[in-house]
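Order-wise, the sequence lines are chains A and B. Position one of the first sequence corresponds to residue 1 (my numbering), numbered consecutively onward. Position one of the second sequence corresponds to residue 1001 (my numbering), numbered consecutively onward. Note that CB positions come from ideal geometry on N, CA and C, so glycine has one too. This report concerns only the one structure given below.
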Amino acid sequence: DVKVTQSSRYLVKRTGEKVFLECVQDMDHENMFWYRQDPGLGLRLIYFSYDVKMKEKGDIPEGYSVSREKKERFSLILESASTNQTSMYLCASRTESGVAGGRRYFGPGTRLTVL
Amino acid sequence: GENVEQHPSTLSVQEGDSAVIKCTYSDSASNYFPWYKQELGKRPQLIIDIRSNVGEKKDQRIAVTLNKTAKHFSLHITETQPEDSAVYFCAASGPGTYKYIFGTGTRLKVLA
């Protein structure tokens, strides 16, 4: 059974702080993703990584960066947190490497509040 | 770019009735269409998916239909049960890409 874990379920930070959200998967998946989930907007892709040290911007990358130094770990970084980054953040990994589409395995989510 | 519209945003049905959720996509090259279910406080999980070379797929009480000409696909849940209450997301993905575009979600409530 694939396990995707995230470092925190709930996080409260102050405006201007640097925030790290970490995600770990245990199934040797090459591809990993960070999504943001907001009511009425669905899941929007922030960044994805198709391999170690490889990354690509998603649909809403502004204000975020990512790091993937090891295959199993994908970190989302908010360089200077702002109140409009208050949201639920979901990490996912992907099987069927090399095949378009493919199933996403999601982590439990981190609800981030920026005050 | 690709856009996916999902309707309705909320849906209430009586237990035992059927529920239908519809999604429309804009990119005719899209070829993979998954559906995810997210129960309250839990992570989204894949419940069914379909590729563009197939018109319909069933798995027990759930089915997905695809109309490539009209560029829409639908999730059908029959004999609904209270545990079907959740938010359902559709998505579309094109060839040669790892990216999905998700719909905005449908909150399904099954009334006992």
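Whole-angstrom distance between residue j and residue i, CA atom to CA atom
{"i": "residue 63 of chain A", "j": "residue 1050 of chain B", "result": "34 Å"}
{"i": "residue 1113 of chain B", "j": "residue 92 of chain A", "result": "In the structure displayed, chain B extends from 1001 to 1112; residue 1113 of chain B sits before or after that span and is not available."}
{"i": "residue 116 of chain A", "j": "residue 34 of chain A", "result": "The question about residue 116 of chain A has no answer here: the residues shown for chain A are numbered 1 through 115."}
{"i": "residue 23 of chain A", "j": "residue 75 of chain A", "result": "6 Å"}
{"i": "residue 61 of chain A", "j": "residue 1016 of chain B", "result": "43 Å"}
{"i": "residue 1023 of chain B", "j": "residue 1036 of chain B", "result": "13 Å"}
{"i": "residue 109 of chain A", "j": "residue 59 of chain A", "result": "19 Å"}
{"i": "residue 1029 of chain B", "j": "residue 12 of chain A", "result": "41 Å"}
{"i": "residue 1076 of chain B", "j": "residue 1021 of chain B", "result": "7 Å"}
{"i": "residue 78 of chain A", "j": "residue 19 of chain A", "result": "5 Å"}
{"i": "residue 115 of chain A", "j": "residue 1103 of chain B", "result": "29 Å"}
{"i": "residue 26 of chain A", "j": "residue 68 of chain A", "result": "15 Å"}
Partners in chain B for residue i, counting only beta-carbon separations shorter than 8 Å
{"i": "residue 50 of chain A", "result": "1098"}
{"i": "residue 108 of chain A", "result": "1042 and 1043"}
{"i": "residue 84 of chain A", "result": "Result: empty, since nearest Cβ-Cβ is about 19 Å, beyond 8 Å."}
{"i": "residue 94 of chain A", "result": "1098"}
Per DSSP, the bridge partner or partners of residue i
{"i": "residue 1056 of chain B", "result": "B:1065"}
{"i": "residue 104 of chain A", "result": "A:94"}
{"i": "residue 32 of chain A", "result": "A:49 and A:93"}
{"i": "residue 24 of chain A", "result": "A:5 and A:73"}
{"i": "residue 113 of chain A", "result": "A:12"}
{"i": "residue 1010 of chain B", "result": "B:1107"}
{"i": "residue 64 of chain A", "result": "A:78"}
{"i": "residue 1051 of chain B", "result": "B:1032"}
{"i": "residue 1024 of chain B", "result": "B:1005 and B:1072"}
{"i": "residue 57 of chain A", "result": "A:47"}
Residue environment, residue i, which counts as buried when at least 16 other CB atoms sit within 10 Å
{"i": "residue 32 of chain A", "result": "buried"}
{"i": "residue 3 of chain A", "result": "exposed"}
{"i": "residue 101 of chain A", "result": "buried"}
{"i": "residue 1044 of chain B", "result": "buried"}
{"i": "residue 70 of chain A", "result": "exposed"}
{"i": "residue 1084 of chain B", "result": "buried"}
{"i": "residue 1031 of chain B", "result": "buried"}
{"i": "residue 1091 of chain B", "result": "buried"}
{"i": "residue 1034 of chain B", "result": "buried"}
DSSP-derived helix/strand/coil call for residue i
{"i": "residue 38 of chain A", "result": "strand"}
{"i": "residue 1080 of chain B", "result": "coil"}
{"i": "residue 86 of chain A", "result": "coil"}
{"i": "residue 1093 of chain B", "result": "strand"}
{"i": "residue 1086 of chain B", "result": "strand"}
{"i": "residue 1112 of chain B", "result": "coil"}
{"i": "residue 1043 of chain B", "result": "coil"}
{"i": "residue 18 of chain A", "result": "coil"}
{"i": "residue 966 of chain B", "result": "Given a span of 1001 to 1112 for chain B in the structure shown, any question on residue 966 of chain B remains unanswerable."}
Beta-carbon neighbours of residue i, restricted to chain B and to distances below 7 Å
{"i": "residue 40 of chain A", "result": "1104"}
{"i": "residue 43 of chain A", "result": "1089 and 1102"}
Chain A residues whose Cβ lies nearer than 8 Å to that of residue i
{"i": "residue 1046 of chain B", "result": "103 and 104"}
Interface flag, residue i vs chain C, CB-CB below 8 Å
{"i": "residue 6 of chain A", "result": "Chain labels in this structure do not include chain C; the protein chains are A and B."}
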